[in-house]
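To keep things clear, I will list the structure first and then write my remarks on it.
Numbering (the numbering used here), first residue to last: 1 to 102.
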């Protein structure tokens, strides 16, 4: 009787141990899955942040280039007008001087 009860205990102990091992493995796999999802989501978040930063930088660059171009065209126009003598101050003087000659 003692032997049969001991066998039952050892069998029960082995099955309990196997159950514990299975539970532990399942928990470990769940934990690794959770960590993997976290790392993937953080990678996605970082890539979105870098993309947003790049878009902002590109937008600022394009605005700067537009502003610079408009400033260049304004200065070029001003230079051309001064060369032609058609800006308001010199243009009016020349116009009046021409009218006076006639």
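The C-beta atom is built at its ideal place from N, Cα and C for all residues, glycine as well.
Return the CA-CA distance between residue i and residue j, expressed in angstroms with no decimal places.
| i | j | result |
| --- | --- | --- |
| residue 135 | residue 77 | In the structure as shown, the chain starts at 1 and stops at 102, and residue 135 therefore has no counterpart that could be examined. |
| residue 41 | residue 81 | 59 Å |
| residue 38 | residue 46 | 12 Å |
| residue 24 | residue 43 | 28 Å |
| residue 18 | residue 26 | 12 Å |
| residue 79 | residue 65 | 21 Å |
| residue 36 | residue 55 | 28 Å |
| residue 52 | residue 15 | 55 Å |
| residue 60 | residue 68 | 12 Å |
Assign residue i to one of two classes, buried (16 or more other C-beta atoms within 10 Å of its C-beta) or exposed (fewer than that).
| i | result |
| --- | --- |
| residue 102 | Residue confidence for residue 102 is low, a pLDDT of 47 falling below 50, so the modelled location carries little weight and cannot support an answer. |
| residue 90 | With a pLDDT of 49 at residue 90, under the threshold of 50, the modelled position of this residue cannot be trusted; read the value that follows with caution. When all chains shown are included, residue 90 counts as exposed. |
Helix, strand or coil: which one does DSSP assign to residue i?
| i | result |
| --- | --- |
| residue 90 | With a pLDDT of 49 at residue 90, under the threshold of 50, the predicted position of this residue should be treated as unreliable, though the coordinate-derived value follows. Residue state, collapsed to three classes: helix. |
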